[in-house]
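So for the sequence shown, my numbering puts the first residue at 7; every next one is plus one.
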Amino acid sequence: QVQLVESGGGLVQPGGSLRLSCAASRSIRSIDAMGWYRQAPGKERELVARITSGGSTNYVDSVKGRFTISRDNAKNTVDLQMNSLKAEDTAVYYCYAYTALVYWGRGTQVTVSS
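Right, dumping it as structure tokens:
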């Protein structure tokens, strides 16, 4: 079992940057994959980015070139660097971890607005 706590959300203007961080309650070395989903009002939850234990990454097309996911096994964290933010990036962002079961954080709000 693993508990996940997100941080780093907030309000930012279009074109700005935010860095989300997900802290795990135990070592993440054995966790197969971790990443971030987001859910905007009235929309389904979508996978934004994931990173495997081997370091392979995947991104949804809409964030490629703007978002970067990274994993620090020593700190047990997974971060999401978000640049060139757009209004359509506004959502609640959830950290997840997959290792036989899926574990979720409670989410952090990201609002992109002028």
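Ideal Cβ placement from N, Cα and C applies to all residues, glycine included.
Quantities reported herein were computed from a predicted structural model and do not represent experimental measurements.
Determine the closest residue to residue i out of the options, with distance taken between C-alpha atoms.
i	options	result
Asp-78	Val-11, Gly-22, Ser-33	Ser-33
Ser-119	Gly-21, Tyr-43, Gln-7	Gly-21
Arg-51	Thr-105, Phe-73, Thr-58, Val-98	Val-98
Lys-70	Gly-61, Lys-81, Leu-53	Leu-53
Leaving out five residues before and five after residue i in sequence, what residues of the same chain have Cβ atoms less than 6 Å from its Cβ?
i	result
Arg-125	A query on residue 125 cannot be resolved here, the shown segment of the chain reaching from 7 to 120 and no further.
Tyr-100	Tyr-43, Trp-110, Gly-111, Gly-113
Ile-75	Ala-55, Ile-57, Thr-63, Leu-86
Val-84	Cys-28, Met-40, Arg-77
I'd like to check one pair, residue j with residue i: are the Cβ atoms closer than 8 Å?
i	j	result
Ala-55	Ala-103	no
Met-88	Ser-27	no
Asp-38	Ser-68	no
Gly-14	Arg-25	yes
Thr-105	Ala-46	no
CB-CB under 7 Å to residue i, same chain, minus the five flanking residues each way: which ones, in chain order?
i	result
Leu-17	Thr-117, Ser-119
Ser-90	Gly-21, Arg-72
Lys-92	Pro-20, Val-118
Output needed for residue i: all residues of its chain with C-beta closer than 8 Å, excluding positions within five of it in sequence on either side, in chain order.
i	result
Val-66	Glu-52, Leu-53, Val-54, Ala-55
**Segment contact flag, the stretch 9-21 with the stretch 103-110, C-beta cutoff 8 Å, min 3 pairs** = The answer is yes - the stretch 103-110 touches the stretch 9-21, with three or more Cβ pairs under 8 Å.
Mind listing, in chain order, the continuous alpha helix (DSSP H) runs of no fewer than 4 residues lying wholly within the stretch 40-71? List check, alpha helix (DSSP H) in window: nothing returned.
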